[in-house]
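Numbering (this note's numbering), first residue to last: 4 to 406.
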Amino acid sequence: MKVLVVNAGSSSLKCQLIESDGKMSLMKCLAERVGNEDASMSVSFFPDFEKVKYNVAGLTVAGCLKKLLDIMTDDPESPISGLGQIEAVGNRIVAGGEYFTRATLIDEKAREDLAKCEELAPLHNPAADECIDTLREMLPTTPQVAVFDTAFHQTMPPKAYMYPLPMRYYDEYKIRRYGAHGTSHRYAAQQAANLLGRPVRDLGLITCHLGNGGSIAAVNHGKSVDTTMGFTPLEGLMMGTRSGSIDPAIITYIMRREGISFDEMDAILNRESGIRGVSGTSGDMRDVLDAAAEGDERANLAIEMYVYRIQKAIGSYYAAMTRTDAVVMTAGIGENSAELRERIFAGLAHMGMILDKDRNDFTGALGANRIISIDDSPIRICVVTTDEEMRIARETDALVGRM
Ligand code: ADP
């Protein structure tokens, strides 16, 4: 099935046309800095994926999508010649609130519920909704699916998702923990179950999505029972540029001391903190590892803090579950950095998570899912590669295929 995957952000648009049967990408598109003077969009097609740049100044995110559809029907390199050849659309939605517990076909009711979720992710959801409306206009008979970052975590029990705040904030504003990276945690758990040769419903798994953003989930019998991200993706682990969990009193303290606005504080916590803030070098882990290797003390401190916070989160989820069969590492850092995996698990051997150095270092089959713990490690350690657009295409295919 040819699935158009649409991943709309506040000022970006990522799309792929994916042949879901062969798990193959046929078209890739990335629009960045949308809304700015220097906005640009690159489009490339199978098999060479040679990027062609387009000027998209003045366009909205949905406007970029319209332009992409024109390019896809006009460009002789394009694998399709008419929009009718797109068999389904999979939309990535950041926040599904309490309305969506799984990937959902977008009908009138779902579209109404999506509108109610906009205030939960005011930067991302409205852009995605606009794209959905554009596609409903241009491809009126093509099924569209919404795949949510939050849906997988809707199985969390109230003791995990409620905040110890006055109850009226939940009643009036639905302030609670929603989590994120849900498709990634679900996929990582399923892939780990395949590696262990047992059904995911029989397993207790701790899944670690460590990319620019990062979150860990406790997945008990295939269901998320807790996760480190909360009302927004700011809670939990230390991340590339996000602080993760800090004493909330620091926020009001800094705002008073420096007389800064809510928006300025928001930018400090989301864009200037985390690995970037501590290292002073970069929010990109590779840069910080390089700097630390050259003796940069702050880069080293940032890595130590990053590792320590992950170790504590893994330990707390070991306590949250009744059994732990495996810890699963995925996303940019989790998949690619043998050094960080080694540092993380060096502190967790006493809990029965024992890394095999050779298996951890092995890069011959980069991209392949594998077990990297020693044979008799009581808890296995797995590495699973993730591809967000591909996961969305597969979830869309599964749902549309059942219709
Ligand atoms: P996103 O969350 O934006 O999807 P990714 O999952 O691609 O991000 O992760 C990006 C992060 O992974 C960056 O910090 C990058 O430096 C890090 N990363 C990628 N490859 C490596 C590597 N070989 N060693 C260490 N870090 C890596």
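Ideal placement from N, C-alpha and C gives every residue a C-beta, glycine not left out.
Does the count of Cβ pairs from the stretch 156 to 175 and the stretch 121 to 141 closer than 8 Å reach three?
no
Given arginine 394, which residues of its chain have a CB within under 6 Å of its CB, disregarding the five upstream and five downstream residues?
Thr186, Tyr190
Over the uninterrupted alpha helix (DSSP H) stretch that includes valine 64, give me the two end residues.
64 to 77
I want to know whether the stretch 275 to 286 touches the stretch 348 to 357 - three or more CB-CB distances under 8 Å.
no
8 Å contact criterion, which leucine 402 and valine 148 should meet: CB distance rounded
5 Å
The beta strand (DSSP E) enclosing glycine 277, as first and last residue numbers:
Residue range 277 to 282 is occupied by the alpha helix (DSSP H) that includes glycine 277, with no beta strand (DSSP E) assigned at that position.
First through last residue of the beta strand (DSSP E) which encompasses lysine 226
226 to 230
Buried or exposed (CB count within 10 angstroms, at least 16 for buried), isoleucine 375:
buried
Would isoleucine 253 be called buried (16 or more neighbouring beta carbons within 10 Å of its own) or exposed?
exposed
How would you write the range of the alpha helix (DSSP H) that tyrosine 256 sits in, first residue to last?
Tyrosine 256 -> alpha helix (DSSP H) spans 252 to 261.
Give me, in chain order, the residues of the same chain whose beta-carbon lies closer than 7 Å to that of glutamine 193; leave out the 5 immediate sequence neighbours on both sides.
Val203
Arginine 344 by DSSP, collapsed to three states: which one?
helix
What first and last residue would you give for the alpha helix (DSSP H) that runs through glutamate 424?
Residue 424 lies beyond the residue range present for the chain, which begins at 4 and ends at 406; the question has no answer from this structure.
Secondary structure, alpha helix (DSSP H): runs of 4+ residues fully inside the stretch 180 to 213:
185 to 199
Distance, Cα to Cα, proline 381 vs proline 251?
Between proline 381 and proline 251, the C-alpha separation is close to 37 Å.
Select from Gly207, Ile74, Gln314 the residue whose C-alpha is nearest the C-alpha of aspartate 328.
Gly207
In whole angstroms, what separates the C-alpha of arginine 373 from that of methionine 170?
Their backbone Cα atoms lie some 44 Å apart in a straight line.
Less than 8 Å between the CB of cysteine 295 and some heavy atom of the ligand ADP, yes or no?
Note that residue 295 is alanine in the sequence shown here, rather than cysteine. No, the ligand ADP has no heavy atom inside 8 Å of this Cβ.
Tell me, which residues are paired with phenylalanine 151 by DSSP?
Ile96
DSSP beta-bridge partners for threonine 333?
His212
When the distance is taken between beta carbons, is cysteine 32 closer than 9 Å to serine 47?
yes
Counting along the chain, where does the beta strand (DSSP E) carrying methionine 406 start and finish?
From DSSP, methionine 406 is part of no beta strand (DSSP E); its letter is neither H nor E.
Would you mind working out which of Thr244, Ala118, Gly100, Leu240 sits nearest serine 319, comparing C-alpha positions?
With distances taken between CA atoms, serine 319 lies nearest to Leu240 out of Thr244, Ala118, Gly100, Leu240.
Determine, using beta carbons only, whether valine 330 and methionine 356 come nearer to each other than 9 Å.
yes
Using DSSP bridges, identify the partner residues of arginine 397.
Beta-bridge pairing links arginine 397 to no other residue.
Could you check the C-alpha separation between glycine 85 and glutamate 53 for me, to the nearest Å?
Their backbone Cα atoms lie some 21 Å apart in a straight line.
First through last residue of the alpha helix (DSSP H) which encompasses methionine 30:
Per DSSP, methionine 30 belongs to no alpha helix (DSSP H); it is in the beta strand (DSSP E), 27 to 35.
Run the CB neighbour count on serine 264, radius 10 Å, all protein chains shown included, and call it buried at 16 or more, exposed below.
exposed
Do serine 14 and glutamate 35 have their CB atoms nearer than 9 Å?
yes
beta-carbon arginine 289 near the ligand ADP non-hydrogen atom, thresh 8 Å:
yes
Helix, strand or coil at threonine 107 [DSSP, three-state]:
Residue state, collapsed to three classes: strand.
Report back the beta-carbon spacing between leucine 71 and cysteine 18 to the nearest angstrom; my notes put them in contact at under 8 Å.
6 Å
Just to confirm, does isoleucine 219 get its C-beta within under 8 Å of one of the non-hydrogen atoms of the ligand ADP?
no
Hey, is alanine 334 close to the ligand ADP, as in C-beta under 8 Å from one of its heavy atoms?
yes
For the beta strand (DSSP E) containing valine 222, name the first residue and the last one.
217 to 223
Please name the residue or residues paired with glutamate 22 in a DSSP beta bridge.
Lys5, Met27
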